[in-house]
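Asker: The structure under discussion is supplied below as structure tokens; questions concerning it will follow.
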Amino acid sequence: MKKILIADDKPNGRELVRTVLENSGYAVYEAGDGVEALRCAREVQPDLIILDLHMPGIDGFGVIEELRRDSHFAAIPIMALTASAMQGDRERAMAVGFTGYITKPIRLGALRGEVERLLR
3 MKKILIADDK PNGRELVRTV LENSGYAVYE AGDGVEALRC AREVQPDLII
53 LDLHMPGIDG FGVIEELRRD SHFAAIPIMA LTASAMQGDR ERAMAVGFTG
103 YITKPIRLGA LRGEVERLLR
């Protein structure tokens, strides 16, 4: 069973993503902030990480920067999750190492499709 880590400071957002992914057959782990995301990623060694870009403390950009320094996480797909859909946001996320990008409010079909694409 593929393991997915979702890091989002909004419990309702994590719950929605967790429910959709568990119903699709994935093992889902949760983190409520960037520090917890880094700890959980190192413990669980997920197959995919979904990071909210705007969390208090260490945001998604800080988390990916830290993870990409570790050779184990160099090839693991990491998806950006954001409520900000400003022009250039997607390009900035991809430039720093994200391999997927999805905006809030989350369209469930888009989430499933992006997860499947990244785990192929």
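Numbering-wise (the working numbering), the sequence shown opens with residue 3 and increments by one.
Each residue gets a CB set at the ideal place from its N, CA and C atoms; glycine is no exception.
Small disclaimer: the values here were computed from a predicted structure and weren't measured.
Roughly how far, in whole angstroms, is the beta-carbon of threonine 105 from the beta-carbon of leucine 120, given that I think they are within contact range, below 8 Å?
Answerer: For the purposes of this step, residue 105 is identified with residue 103 of the sequence shown, where counting begins at 1. For the purposes of this step, residue 120 is identified with residue 118 of the sequence shown, where counting begins at 1. Actually they are not in contact, since the Cβ atoms of threonine 105 and leucine 120 sit about 16 Å apart, beyond 8 Å.
Asker: Once you ignore the five residues that flank aspartate 11 on each side, which residues in its own chain have a CB closer than 7 Å to its CB?
Answerer: In the sequence shown, the residue the question calls residue 11 occupies position 9. Correct list, in chain order: Gly34, Asp35, Asp54, Met57 and Pro58.
Asker: Taking the straight line between their C-alpha atoms, what separation do you get for glutamine 89 and glutamate 45?
Answerer: In the sequence shown, counting from the first residue as 1, residue 89 sits at position 87. In the sequence shown, counting from the first residue as 1, residue 45 sits at position 43. Roughly 35 Å between the two C-alpha positions.
Asker: In chain order, which continuous runs of the alpha helix (DSSP H) of length 4 or greater are located wholly inside the region 32–67?
Answerer: Fully enclosed alpha helix (DSSP H) runs of 4 or longer: 36–46.
Asker: Identify the continuous beta strand (DSSP E) that holds threonine 105 and give its terminal residues.
Answerer: Within the sequence shown, numbered from 1, the residue matching residue 105 stands at position 103. 102–105 is the span of the beta strand (DSSP E), which, as asked, contains threonine 105.
Asker: Leaving out five residues before and five after methionine 81 in sequence, what residues of the same chain have Cβ atoms less than 8 Å from its Cβ?
Answerer: Within the sequence shown, numbered from 1, the residue matching residue 81 stands at position 79. If we look at methionine 81 and ignore the five residues flanking it on each side, its Cβ neighbours are Leu50, Ile51, Ile52, Leu53, Phe100, Thr101, Gly102, Tyr103, Ile104, Glu116, Val117 and Leu120.
Asker: Following the continuous alpha helix (DSSP H) through alanine 76, name the residue where it begins and the one where it ends.
Answerer: Taking the sequence shown and counting its residues from 1, one reaches residue 76 at position 74. That residue, alanine 76, is in no alpha helix (DSSP H); it is neither H nor E in DSSP.
Asker: Following the continuous beta strand (DSSP E) through alanine 9, name the residue where it begins and the one where it ends.
Answerer: Looking up residue 9 in the sequence shown gives position 7. Run containing alanine 9: 5–9, per the beta strand (DSSP E) assignment.
Asker: Pop quiz: arginine 16 and glutamate 32 are said to be a contact at Cβ under 8 Å. What is the actual Cβ separation, rounded to whole angstroms?
Answerer: Residue numbering aside, residue 16 sits at position 14 when the sequence shown is read from its first letter. Residue numbering aside, residue 32 sits at position 30 when the sequence shown is read from its first letter. Confirmed, Cβ separation roughly 5 Å.
Asker: Which residue comes first and which comes last in the alpha helix (DSSP H) that contains valine 19?
Answerer: Counting from one through the sequence shown, the residue named residue 19 turns up at place 17. Where valine 19 is concerned, the enclosing alpha helix (DSSP H) stretches over 13–25.
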